[in-house]
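**Q** If you count the sequence shown from 1, position 76 lands on 544 in my numbering, and the numbers rise without skipping. One structure follows; several queries about it will come next.
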Amino acid sequence: LNQRFYENMNKGKDTVLIVDEAQAIRDLMAFEELRLLLNFQLNNRFLLTLLLIGQPELREKIDELKQLKQRLTLSYHLNPLNKEDTEKYIAHRLGIAGTKEKIFVGRASSTIWEDAGGVPRMINSICDMCLLVGYTKGLKEINADIAKRSAHGLDQ
Numbered sequence: 469l470n471q472r473f474y475e476n477m478n479k480g481k482d483t484v485l486i487v488d489e490a491q492a493i494r495d496l497m498a499f500e501e502l503r504l505l506l507n508f509q510l511n512n513r514f515l516l517t518l519l520l521i522g523q524p525e526l527r528e529k530i531d532e533l534k535q536l537k538q539r540l541t542l543s544y545h546l547n548p549l550n551k552e553d554t555e556k557y558i559a560h561r562l563g564i565a566g567t568k569e570k571i572f573v574g575r576a577s578s579t580i581w582e583d584a585g586g587v588p589r590m591i592n593s594i595c596d597m598c599l600l601v602g603y604t605k606g607l608k609e610i611n612a613d614i615a616k617r618s619a620h621g622l623d624q
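Pasting the structure below:
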């Protein structure tokens, strides 16, 4: 690892380790090993950036691990999106997927927001289900009824 970190640094590259669903790590020694990776540095420059991504329980675990918490320079909690931001978020995700068409029509976005509680991961899951249902039914648009039924798993 040390060699790779130095190679990346010499090439002007940053080394980033991303741990998603970090709250699922049960063995606290794994967190200690991650902390030890942060010791790789040269002339006060850290050779590794560590991103721990997870549910709110992750914060509680990190609070228990004082040495790791001291090494973390930034912590951010993403609050649930509001209705307007949910609509923009859905449009943005569709844009990344390659469409500018308005697929979620009427109150579909509002319905998704209500059922997802504004949580991006839930918004993604409901939208995925909506698009799957729409595809299987040959629909070009997703309305509030399809969104509601998809959110509740009623439309198989």
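Glycine included, each C-beta is placed from N, C-alpha and C at the ideal position.
Return the CA-CA distance between Asn550 and Glu582, expressed in angstroms with no decimal places.
**A** Taking the straight line from one Cα to the other gives about 9 Å.
**Q** Could you name the residues of the same chain whose beta carbon sits closer than 8 Å to that of Asp531, not counting the 5 residues immediately before and after it, in chain order?
**A** Same-chain partners within the cutoff: Lys537.
**Q** Under 8 Å, do Gln491 and Leu533 count as touching if we go by C-beta distance?
**A** No, the Cβ-Cβ distance between Gln491 and Leu533 is not below 8 Å.
**Q** Shortest alpha-carbon distance to Gly606 belongs to which of Phe473, Ile571 and Tyr557?
**A** Closest by alpha carbon: Ile571.
**Q** Could you work out which residue in Gly586, Phe514, Val587 and Arg561 is closest to Leu599 when comparing CA atoms only?
**A** Checking every option, the nearest Cα to that of Leu599 belongs to Arg561.
**Q** Report yes or no: do three or more beta-carbon pairs, one from the region 515-529 and one from the region 553-560, lie closer than 8 Å?
**A** Counting Cβ pairs under 8 Å, fewer than three are found: no touch.
**Q** Considering only the beta carbon of each residue, do Ile591 and Gly602 sit closer than 8 Å?
**A** Contact: no.
**Q** Run the CB neighbour count on Ile564, radius 10 Å, all protein chains shown included, and call it buried at 16 or more, exposed below.
**A** Its Cβ having fewer than 16 others within 10 Å, Ile564 is exposed.
**Q** Quick one: what does DSSP say Val587 is sitting in, helix, strand or coil?
**A** Three-state DSSP puts Val587 in coil, outside helix and strand.
**Q** Between Val487 and Leu518, what straight-line distance do the alpha-carbon atoms span, to the nearest angstrom?
**A** Whole-angstrom Cα-Cα distance: 8 Å.
**Q** Specify the secondary structure class of Gln491 as computed by DSSP and reduced to three states.
**A** Correct three-state label for Gln491: helix.
**Q** Which residues in the same chain as Gln509 place their Cβ atom closer than 7 Å to its Cβ, once the five residues preceding and following it in sequence are excluded?
**A** For Gln509, where only same-chain residues beyond five positions count, the Cβ hits under 7 Å are Leu515.
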